[in-house]
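Below is one structure, written out as structure tokens; the observations come after it.
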Amino acid sequence: MSEQVTLTQFIIEQQRGLPDASGTFTLLLNNLVTACKQISHRVNRGALIGVLGSAETENVQGEVQKKLDIITHEIMVKALDWSGHVGGMASEEIDDPIQIPKQYPKGKYLVLFDPLDGSSNIDINLTVGTIFSILRGREGVAPETEDFLRKGNEQVCAGFVLYGPSTMLVLTTGNGVNGFTLDQDIGEFILTHCNMKIPEDNTEFAINMSNQRFWEAPVKQYIDECVAGEDGPRGKNFNMRWVASLVADVYRILNRGGVFLYPYDLRDPSRPGKLRLMYEANPMAFIIEQAGGVCTTGRESILDIKPKNIHQRVPFIFGSKNEVERVISYHRQHDSAGN
Ligand code: F6P
Ligand code: MN
């Protein structure tokens, strides 16, 4: 039998190389992963345990919550608040940062998460996931909202767990991207996808075409050229995929490349995009860039954005280097023509 590397072994071996590693981070990650195994179990049991359907409440984003949005949020909080490694948390589902209960010590890490990404797909049994982002905080200090508002390139770790045909964890600590598959028989994540790299070119795009009439000219131009295929300026045919679960679209692009666009659109000036900077764009951008891809709003690198608000939305365009750079160049040409 070939030797299998568990997630814990992998992390401990990576941390060994770092001079100031105390093992705290490994313990934090273990707790996080335990939460994701619990979520995987609930998602997998679905209708058998009555967790599907709407909770008939709205979250801070004004979106109707699924029962599983609430359950998974609570699983994440309960797995992390007692540990002593976490100073505070922020969840896509809750207005304000979550403080650590008084009886527990406040640790040095801040954890931000989208507990169930793609939850609109849960009732039709499509892939959903959990996304998380870890920042360094101040040990022993209860964080203010301001403490979470840090640029994406300050993240120390980002990951997501995909609840699909297999449950998979994709992780970066700033030293490449690795994928782990949950072996349900032994309850361990096993390293299965080493050093994932996004191909620099690919002819697949992902966008919600129903928003076409609201896009800006550079995005219209890029998509029009893809759709024109061999007959257009690109001289080749493109394919389209849209799962409507960010986790699944990111995972596809990590494996075979392509470009994803949830661009700025002109529907509502107060909402510059749909996806959330702190819970979705930042962690995914850290992963994508570590795998050799590029992430942008069209005009600015995602990881350079100074957040103003913990629930801020941003335009999010990412994927294969050469395609994303083309989209950026269309924005640049458009803006420098004085439009
Ligand atoms: O969390 C938001 C989200 O569900 C993402 O997972 C996904 O990429 C996107 O929204 C889908 O958007 P739409 O509903 O416009 O297709
Ligand atoms: Mn989401």
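Counting in this note's numbering, the final residue of the sequence shown is number 1431, and the numbers go up one at a time with none missing.
Positions of the beta carbon are idealized from the N, C-alpha and C atoms, including for glycine.
All of these numbers come straight from a predicted model, not from anything done at the bench.
Item	Value
DSSP three-state call for K1158: helix, strand or coil?	strand
Just grab the DSSP bridge partners of G1271 for me.	V1262, H1285
Cβ of E1372 within 8 angstroms of any heavy atom in the ligand F6P?	yes
Just confirm the distance between the C-beta atoms of G1411 and F1352, as a whole number of angstroms; I'd bet it's less than 8 angstroms.	5 angstroms
Specify the secondary structure class of T1126 as computed by DSSP and reduced to three states.	helix
When a residue counts only if its C-beta is closer than 5 angstroms to some heavy atom of the ligand MN, which residues count, in chain order?	D1206, D1209
Please report the Cβ distance between G1221 and V1339, rounded to the nearest whole angstrom; I am assuming they are in contact, meaning their Cβ atoms lie under 8 angstroms.	3 angstroms
Within 10 angstroms of its Cβ, does R1348 collect 16 or more other Cβ (buried), or is it exposed?	exposed
If I measure Cβ to Cβ from P1197 and keep anything under 7 angstroms in the same chain, skipping five residues before and after, which residues do I get?	G1176
What residues in its chain sit with their C-beta under 6 angstroms from that of S1225, if we drop five residues either side in the sequence?	L1204, Q1247, A1250, N1374, P1375
Would you mind working out which of R1242, N1267, R1424 sits nearest D1396, comparing C-alpha positions?	R1242
Reducing DSSP to helix, strand and coil, say where Y1371 ends up.	helix
Please return the same chain residues whose Cβ sits closer than 8 angstroms to the Cβ of L1144, not counting the five positions on each side in sequence.	G1138, K1158, K1159, L1160, I1214, D1215
Is V1233 near the ligand F6P - that is, is its Cβ less than 8 angstroms away from at least one heavy atom of it?	no
Does the contact criterion of 3 or more C-beta pairs under 8 angstroms hold for the region 1098-1106 versus the region 1263-1282?	yes
Using CA atoms only, rank isn't needed, just tell me which of R1333, S1211, V1253 is closest to K1129.	V1253
Since G1180 sits in a beta bridge, which residues does DSSP pair it with?	Q1191, L1202
Here's the rule I'm using: 16 or more other beta-carbon atoms within 10 Å means buried, otherwise exposed. How should T1149 be labelled?	exposed
So what does Y1255 bridge to, in DSSP terms?	V1220, T1259
I'd like to know whether the C-beta atoms of T1147 and M1370 end up nearer to each other than 9 angstroms.	Per the sequence shown, residue 1147 should be read as Ala rather than Thr. Contact flag unset, no.
Does S1428 pass the burial test, meaning 16 or more other C-beta atoms within 10 Å, or should it be called exposed?	exposed
Run the CB neighbour count on D1112, radius 10 Å, all protein chains shown included, and call it buried at 16 or more, exposed below.	exposed
Please go through the same chain and pick out, in chain order, the residues whose beta-carbon is closer than 7 angstroms to the beta-carbon of G1279, but skip the five residues on each side of it.	K1129
Excluding the 5 residues flanking R1359 on each side, which residues of the same chain have their C-beta closer than 6 angstroms to its C-beta?	F1306
Could you have a look at V1143 and say whether DSSP puts it in helix, strand or coil?	coil
Is it buried or exposed for D1316, if we count other Cβ within 10 angstroms and need 16 for buried?	exposed
For A1234, I'd like the list of residues in its chain whose CB is within less than 8 angstroms of its CB, leaving aside the five on either flank, ordered along the chain.	G1179, G1180, Q1191, I1192, K1198
Considering only C-alpha positions, which residue in the set R1368, G1115, N1267 is nearest to K1207?	The amino acid occupying residue 1207 in the given sequence is Pro; Lys does not appear at that position. Per the Cα distances, R1368.
Three or more C-beta pairs closer than 8 angstroms, one from the region 1308-1322 and one from the region 1417-1426: is that the case here?	yes
Report the three-state DSSP secondary structure of D1215 (helix, strand or coil).	helix
Which two residues bound the contiguous beta strand (DSSP E) that contains V1152?	That residue, V1152, is in no beta strand (DSSP E); it is neither H nor E in DSSP.
Return yes when at least one heavy atom of the ligand F6P lies under 8 angstroms from the C-beta of L1204, else no.	no
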